[in-house]
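For reference, the structure is listed below as structure tokens.
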Ligand SMILES: Cc1cc2nc3c(=O)[nH]c(=O)nc-3n(C[C@H](O)[C@H](O)[C@H](O)COP(=O)(O)OP(=O)(O)OC[C@H]3O[C@@H](n4cnc5c(N)ncnc54)[C@H](O)[C@@H]3O)c2cc1C
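In UniProt numbering, the protein residues as written are 1 to 344.
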């Protein structure tokens with residue numbers, strides 16, 4: 001187990017709520033870090049709809065989800081210029097322990113001591129949805145990759161991407177210049193992806209130069225190889241005709257499943273798989289606050305805008321709880337010395 005240095009605040013979840021909480025902690029002079037199960041920051045915005053426009057975030061007439069995540073990251077980063085965003089990704093928090101007067105958040109491999117906790121876990125920890133075909137299970141790690149972490153590792157390889165959403169098309173578009181070939185396979189001809197990316201991939205397939213192919217109404221029917229994958233058999237879901245394709249990497253892009261896991265057993269006020277919070281974002285356990293989609297209260301709206309406000313309340317309360325001489329109210333950012341203004 002790797003044990004990390006203690007922080008004032010540890011934020012579970014790096015979605016928009018968690019990212020704004022990280023910024024707010026910096027503004028209040030509290031040390032903080034994010035722990036997230038996903039390999040990238042941004043929560044639902046990154047995992048589910050990076051290319052969609054959002055129209056109801058204050059100050060933006062419209063903003064692409066991925067651009068909002070980038071800006072939130074930039075905003076939080078101003079307090080961490082030298083070290084970069086303090087985030088621990090690919091780490092799913094499973095335990096909340098108490099030790100020597102502070103908390104410890106526990107993942108499979110790491111321990112994160114912390115004086116207070118902000119739970120911004122949204123709809124739970126995401127993990128990539130696996131291929132439903134039983135025969136596929138043994139090929140994970142031997143050619144089937146659940147996540148793309150290093151695009152460069154697909155250089156000069158024959159890649160098969162399964163799915164019809166944004167992730168499938170985005171990776172098809174991104175890998176087509178690196179990989180020897182990219183084949184996209186989807187069970188229907190209806191795509192849930194950004195129209196411009198669909199057009200780009202379809203145009204590349206129409207060039208018929210062996211670099212990009214799209215097979216609609218097909219699904220994977222068998223995987224071949226010994227140590228690693230060397231090819232797959234595809235089946236036409238309408239005619240049942242099959243064809244074999246050589247490939248050495250299979251990337252299922254089938255979306256994510258989310259799971260709240262053990263979080264519901266931490267002695268918090270839980271109502272229908274959500275954390276019932278007070279107007280101060282208290283959870284029923286001293287020193288543990290919550291914000292964003294994971295919370296419930298009368299009149300709750302599951303929106304990014306609500307998450308921002310709740311993050312500010314949770315962090316201000318947590319800072320005051322840890323350091324009672326620090327006020328709950330932060331003052332106006334336009335007056336704060338931390339931003340180089342004079343009336344702190
Ligand atoms: C398709 C779609 C379109 C949407 N459009 C809009 C819109 O136009 N406007 C709007 O306001 N809202 C929109 N939403 C809703 C919005 O995305 C959510 O309200 C927002 O993402 C909530 O942010 P969050 O940070 O609270 O949670 P999330 O974004 O869900 O982030 C939570 C993070 O916590 C992590 N996590 C959870 N449990 C653990 C754990 N145990 N350990 C480690 N990490 C954990 C997850 O991996 C995740 O990254 C949309 C949602 C969808 C799906």
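Don't be surprised by glycine CBs; every beta carbon is placed ideally from N, CA and C.
| Simplified DSSP state of residue 293, which is helix, strand or coil | Three-state result, residue 293: helix.
| field | Simplified DSSP assignment, three categories, for residue 213 | value | Under the three-state reduction of DSSP, residue 213 is assigned to strand.
| query | Does the beta-carbon distance from residue 170 to residue 247 come in below 7 Å? | reply | Taking a C-beta distance under 7 Å as the contact criterion, residue 170 and residue 247 do not qualify as a contact pair.
| said: To the nearest angstrom, how far is the alpha carbon of residue 261 from that of residue 148? | reply: Each residue's Cα considered, the two are about 24 Å apart.
| Who are the Cβ neighbours of residue 213 in its own chain at under 8 Å, not counting the five residues just before and after it? | Closer than 8 Å at the Cβ level, and outside the excluded window around residue 213, lie 181, 182, 183, 184, 205.
| said: Just to confirm the assignment, what range does the beta strand (DSSP E) spanning residue 7 have? | reply: It spans 7-12 - the beta strand (DSSP E) in which residue 7 sits, taken as one unbroken run.
| query | Can you check whether the CB of residue 244 is closer than 7 Å to the CB of residue 231? | reply | The answer is yes: Cβ separation under 7 Å.
| query | Between which two residues does the alpha helix (DSSP H) carrying residue 16 extend? | reply | 16-27 is the span of the alpha helix (DSSP H), which, as asked, contains residue 16.
| query | Hey, is residue 72 close to ligand 1, as in C-beta under 6 Å from one of its heavy atoms? | reply | No, the beta carbon of residue 72 sits no closer than 6 Å to any heavy atom of ligand 1.
| message | Please determine whether the Cβ atom of residue 44 lies at a distance below 6 Å from any heavy atom of ligand 1. | response | At least one heavy atom of ligand 1 is nearer than 6 Å to the Cβ of residue 44, so yes.
| task | Given a cut-off of 7 Å, decide if residue 285 and residue 303 are closer than it, judged by their beta-carbon atoms. | result | Not a contact, by the Cβ cut-off of 7 Å.
| Residue from 145, 126, 319 whose Cα sits closest to the Cα of residue 14 | Closest by alpha carbon: 126.
| query | Looking at the structure shown, is residue 151 part of a helix, part of a strand, or coil, going by DSSP? | reply | In this structure, residue 151 counts as helix in the three-state DSSP scheme.
| Unbroken alpha helix (DSSP H) run spanning residue 313, endpoints | Boundaries of the alpha helix (DSSP H) around residue 313: 304-322.
| query | From residue 308 to residue 210, what distance separates their C-alpha atoms? | reply | Cα to Cα, the separation comes out at about 47 Å.
| Cβ-Cβ separation, residue 16 to residue 43 (assumed contact under 8 Å), whole Å | Between residue 43 and residue 16 a beta carbon distance of about 6 Å is seen, short of the 8 Å cut, so the two are scored as contacting.
| Going by the C-beta, is residue 18 closer than 6 Å to any heavy atom of ligand 1? | Yes, Cβ of residue 18 sits closer than 6 Å to a heavy atom of ligand 1.
| message | Under 8 Å, with one C-beta from each stretch per pair, do the segment 309-319 and the segment 109-118 reach the 3-pair mark? | response | A contact exists between the segment 309-319 and the segment 109-118.
| field | Range of the contiguous beta strand (DSSP E) that encloses residue 146 | value | DSSP places residue 146 outside any beta strand (DSSP E), giving it a letter other than H or E.
| How about residue 237 and residue 224: are their beta carbons less than 7 Å apart? | No, Cβ-Cβ distance for residue 237 and residue 224 is not below 7 Å.
| field | Helix, strand or coil at residue 235 [DSSP, three-state] | value | Three-state DSSP puts residue 235 in a strand.
| said: If you reduce the DSSP assignment to three classes, tell me which class residue 33 lands in. | reply: Here residue 33 sits in strand by DSSP.
| request: Say whether the segment 28-42 touches the segment 81-92, bearing in mind that this needs 3 or more beta-carbon pairs closer than 8 Å, one atom from each stretch. | output: Judged by pairs of C-beta atoms under 8 Å, the segment 28-42 touches the segment 81-92, as three or more such pairs exist.
| message | Any heavy atom of ligand 1 inside 6 Å of the beta-carbon of residue 64? | response | Incorrect: residue 64 has no Cβ contact closer than 6 Å to ligand 1.
| request: Just the C-alpha distance for residue 18 and residue 239, rounded to the nearest angstrom, thanks. | output: One C-alpha to the other measures close to 48 Å.
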